[in-house]
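Q:
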Amino acid sequence: MSARKHRILGLVAGLFSLLARKPKPDNLFDHEFRSSGQRVGLTFSEKIRDNFRRRWIKRS
C-alpha cells in the first residue's frame, strides 16, 4: 500500500474511534482482569514467597 492509502485509512479509523460509544463504568468493572494468583489457580511455595516477600513489603 502506498503512504497515501495509509494516511486515508488512518484518518477513517480515527473518525470511527471518535464516533464510537464510550463504555459504561459497570461494563468496565465486569471485564476487568483480576490479577489475584489464587483466582487464576496459581499457588506459591514458601521458597518463592520468601524470595519475593521483601519486594512485596517495600511496595506496601
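Its first residue numbered 5, the sequence shown is counted upward by one per residue in my numbering. Ideal Cβ positions, reconstructed from N, Cα and C, are used throughout, including at glycine. Since the model is a prediction, treat every value here as computed from it, not as a measurement.
#1: Who are the Cβ neighbours of residue 21 in its own chain at under 7 Å, not counting the five residues just before and after it?
#2: In the structure shown, what three-state DSSP assignment does residue 3 receive?
#3: Work out the CA separation of residue 24 and residue 11 for me, nearest whole Å.
#4: What number of angstroms, rounded off, separates the C-alpha of residue 66 from the C-alpha of residue 59?
#5: When you compare only the Cα positions, how much space is there between residue 33 and residue 57?
A: Once the coordinates are examined:
#1: The residue given as residue 21 occupies position 17 in the sequence shown. Within the same chain, residue 21 has no close Cβ partners at all.
#2: The structure shown does not extend to residue 3, since the chain is modelled only from 5 to 64, so the question has no answer here.
#3: On the sequence shown, position 7 is the one that residue 11 refers to. On the sequence shown, position 20 is the one that residue 24 refers to. Approximately 20 Å between the Cα atoms of the pair.
#4: Here the chain has residues from 5 to 64 only, and residue 66 is not among them.
#5: Numbered from 1 along the sequence shown, position 29 holds the residue referred to as residue 33. Numbered from 1 along the sequence shown, position 53 holds the residue referred to as residue 57. Taken atom to atom, the span from the alpha-carbon of residue 33 to that of residue 57 is near 29 Å.
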